[in-house]
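Protein chains in written order, with our numbering: chain W, 1 to 193; chain A, 1001 to 1193.
2 protein chains.
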Amino acid sequence: MREKPYHHGDLRAALLAAAEIELTEKGVEGFSLRSVAKRAGVSHAAPAHHFGDTNGLLTALAAEGFTRFQDTLDVREIGAVDARDRAIRAGFGYLEFALARPALFRLIFSSARPDYTSPDLIAAAKRAYDHLVGLVEALGGGEADVVALWSASHGLADLIMGRKLRPMVQKSQAEQEALVREVIGRALPRRAE
Amino acid sequence: MREKPYHHGDLRAALLAAAEIELTEKGVEGFSLRSVAKRAGVSHAAPAHHFGDTNGLLTALAAEGFTRFQDTLDVREIGAVDARDRAIRAGFGYLEFALARPALFRLIFSSARPDYTSPDLIAAAKRAYDHLVGLVEALGGGEADVVALWSASHGLADLIMGRKLRPMVQKSQAEQEALVREVIGRALPRRAE
DNA sequence: CCTCTGATCTTTACACTGTCAGGATTACGG
DNA sequence: CCGTAATCCTGACAGTGTAAAGATCAGAGG
């Protein structure tokens, strides 16, 4: 019985999985590379070969997180009746992701550690941005509308996730939804109202 | 000539000043307490007596940063012609602060290190929030308008500061201003349009 | 089948970090 | 003038990231 084969087999993936657990438990600011290695049952210097340094691991994790973010929005958009409904559903998805994975959200949007010159990360971020542009164009909007929608969605999600908007937390589910719908709705290009 | 008096005199203030420099240079994630002590010309354990641990220092710094944030908004609001103009000027102030002091901005809005049960920090944050509510009430708005305005301002500032909105950075000053005015304007309660 | 080359992982080491315990210094009220 | 408490320092410890060097193994070429 091979207790511990010297070569892990798929250490890169195992490290990414362990890193995500570490991130959700300790947050970006408490993230420890050695702890990640321990989780994966491997020596503390093993990650270096796959990701370089800690920022390299966080960069890969951020790229993965970005696509995971986009997936959440995609799922939420399913069943939309029109373009406007889809944009609002995307806003809900934005908030849902921030609340479900706050540490990953902060890694992606509010951390200086990921290397934003990494092609993988750039590609993942660009996919999300292009999707957003598509949403706005389907509404006949332009660049200003992209900025408006993104700002409203991001600001709302970031503030609620960071517990700055306490008055909002203690509201009922229905009231919350109506509020989100209102805030996102204002950011959309005004046409069919 | 007293080269180094054993008692600093006003070490607490000196440490806060040094901490702010450290923060702007290294960011929240690279912040080092020992480095702060070195900047203040004091032993590495000296800060403990004034702030407890590192989070304590960052908490005090966050409280100071919050009032500094509010000050920036206040200055920007001077000379407003009406309530609507004042709200938009506040939005400009929000962005200005984020761009001028990105690390402090992130410490305040996107960090888990400050202790948000600290009375000082709570008071400083509440002052800013109450001011925002005042802005919206002067416009005849309610709670939904507070959320909308704050979300738009915060989202816009956070995204631009974090360089996620690249298409916006390379615009002219005039175009930028028009865009900000448009985004903030949408979040305001619609009455006088 | 054998060797050897490169990829993968470990061990060791070093500088740095935050925090704690204990000691030194000094301001200040009695 | 003295003692007490506040202030600051020294020393120590565990934990961190990263670099260098060695160990192990997979897979290709002979």
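Using N, Cα and C, we set each Cβ at its ideal position, and we do this for glycine too.
Along chain W, which residues have their Cβ under 7 Å away from the Cβ of residue i?
| i | result |
| --- | --- |
| His1154 of chain A | Gly155, Asp158 and Leu159 |
| Pro1203 of chain A | Since the first residue of chain A shown is 1001 and the last is 1193, residue 1203 of chain A is not available in this structure. |
Going by C-alpha to C-alpha distance, which of the options sits closest to residue i?
| i | options | result |
| --- | --- | --- |
| Asp1071 of chain A | A:Arg1186, A:Glu1137 and A:Tyr1129 | A:Tyr1129 |
| Ser1251 of chain A | A:Ser1111, A:Asp1085 and A:Pro1005 | This structure gives no information on residue 1251 of chain A, because the portion of chain A shown stretches from 1001 to 1193. |
| Pro1167 of chain A | W:Ala152, W:Ala14, W:Ser172 and W:Gly142 | W:Gly142 |
| Ala1123 of chain A | A:Asp1053, A:Arg1076 and A:Ala1063 | A:Ala1063 |
| Phe51 of chain W | W:Ala87, W:Pro114 and W:Leu159 | W:Pro114 |
| Lys126 of chain W | A:Thr1059, A:Arg1163 and A:Thr1054 | A:Arg1163 |
| Ala98 of chain W | W:Thr24, W:Gln173 and W:Asp10 | W:Thr24 |
| Leu1058 of chain A | A:Ala1144, A:Leu1121, A:Arg1068 and A:Gly1041 | A:Leu1121 |
| Asp1145 of chain A | A:Glu1022, A:Leu1179, A:Arg1190 and A:Val1169 | A:Arg1190 |
| Ala103 of chain W | W:Gly9, W:Asp10 and W:Ile21 | W:Ile21 |
| Ala100 of chain W | W:Leu73, W:Asp10 and W:Leu139 | W:Leu73 |
| Ala1112 of chain A | W:Met161, W:Leu33 and W:Glu77 | W:Met161 |
| Ala1137 of chain A | A:Pro1119, A:Tyr1116, A:Ala1087 and A:Ser1118 | Checking the displayed sequence, the identity of residue 1137 of chain A turns out to be Glu instead of Ala. It is A:Ala1087. |
| Ala1083 of chain A | A:His1131, A:Asp1053 and A:Thr1067 | A:His1131 |
So which residues on chain W does residue i lean against when the C-beta distance must stay under 9 Å?
| i | result |
| --- | --- |
| Leu1179 of chain A | Glu143, Ala144, Val147 and Ala148 |
| Ser1110 of chain A | Arg106, Phe109, Ser110, Ser111, Asp158 and Gly162 |
How big is the Cα-Cα spacing for residue i and residue j?
| i | j | result |
| --- | --- | --- |
| Phe109 of chain W | Val133 of chain W | 18 Å |
| Leu188 of chain W | Glu177 of chain W | 17 Å |
| Met1027 of chain A | Gly27 of chain W | Looking at the sequence itself, residue 1027 of chain A is Gly, so the reference to Met does not match. So the alpha carbons of these two residues sit roughly 16 Å apart. |
| Arg1106 of chain A | Glu1029 of chain A | 10 Å |
| Asn55 of chain W | Gly1056 of chain A | 26 Å |
| Leu61 of chain W | Ala19 of chain W | 8 Å |
| Leu165 of chain W | Val1147 of chain A | 8 Å |
| Leu1033 of chain A | Gly1065 of chain A | 18 Å |
| His1049 of chain A | Phe1069 of chain A | 27 Å |
| Glu77 of chain W | Phe1031 of chain A | 40 Å |
| Gly1041 of chain A | Pro1119 of chain A | 29 Å |
| Ala46 of chain W | Tyr1116 of chain A | 37 Å |
Please report the residue range of the alpha helix (DSSP H) in which residue i lies.
| i | result |
| --- | --- |
| Pro102 of chain W | Pro102 to Phe109 |
| Ser153 of chain W | Glu143 to Met161 |
| Ala19 of chain W | Leu11 to Lys26 |
| Gln1173 of chain A | Gln1173 to Ala1187 |
| Val136 of chain W | Pro119 to Glu137 |
| Glu29 of chain W | From DSSP, Glu29 of chain W is part of no alpha helix (DSSP H); its letter is neither H nor E. |
| Ala112 of chain W | From DSSP, Ala112 of chain W is part of no alpha helix (DSSP H); its letter is neither H nor E. |
| Ala60 of chain W | Thr54 to Glu77 |
| His50 of chain W | Ala46 to Phe51 |
| Arg1166 of chain A | Arg1166 to Val1169 |
Check the Cβ of residue i against every Cβ in chain A and list those closer than 9 Å, keeping chain order.
| i | result |
| --- | --- |
| Arg68 of chain W | Those within 9 Å of Arg68 of chain W in chain A number zero; the least Cβ separation is about 17 Å. |
| Glu64 of chain W | Within chain A, no residue comes near Glu64 of chain W; the closest Cβ sits about 18 Å away, beyond 9 Å. |
Run through chain A and tell me which residues come within less than 7 Å of residue i, C-beta to C-beta.
| i | result |
| --- | --- |
| Val183 of chain W | Val1147, Ala1148 and Ser1151 |
| Arg186 of chain W | Ala1148, Arg1186 and Ala1187 |
Strictly below 8 Å CB to CB, what residues from chain A border residue i?
| i | result |
| --- | --- |
| Gly134 of chain W | The contacting residues do not exist; Gly134 of chain W stays about 15 Å from chain A at best. |
| Glu29 of chain W | Val1028, Glu1029, Ser1111, Ala1112 and Arg1113 |
In chain W, which residues lie less than 8 Å from residue i when you measure between Cβ atoms?
| i | result |
| --- | --- |
| Val1036 of chain A | Residues of chain W passing the Cβ test: none, with the nearest at roughly 16 Å. |
Check whether the stretch 1008–1016 of chain A touches the stretch 178–185 of chain W, taking contact to mean three or more Cβ pairs, one atom from each stretch, closer than 8 Å. no
Does the stretch 148–155 of chain W come within contact of the stretch 1153–1162 of chain A, defined as at least 3 CB pairs closer than 8 Å? yes
Three CB pairs or more closer than 8 Å across the stretch 30–44 of chain W and the stretch 75–95 of chain W: no
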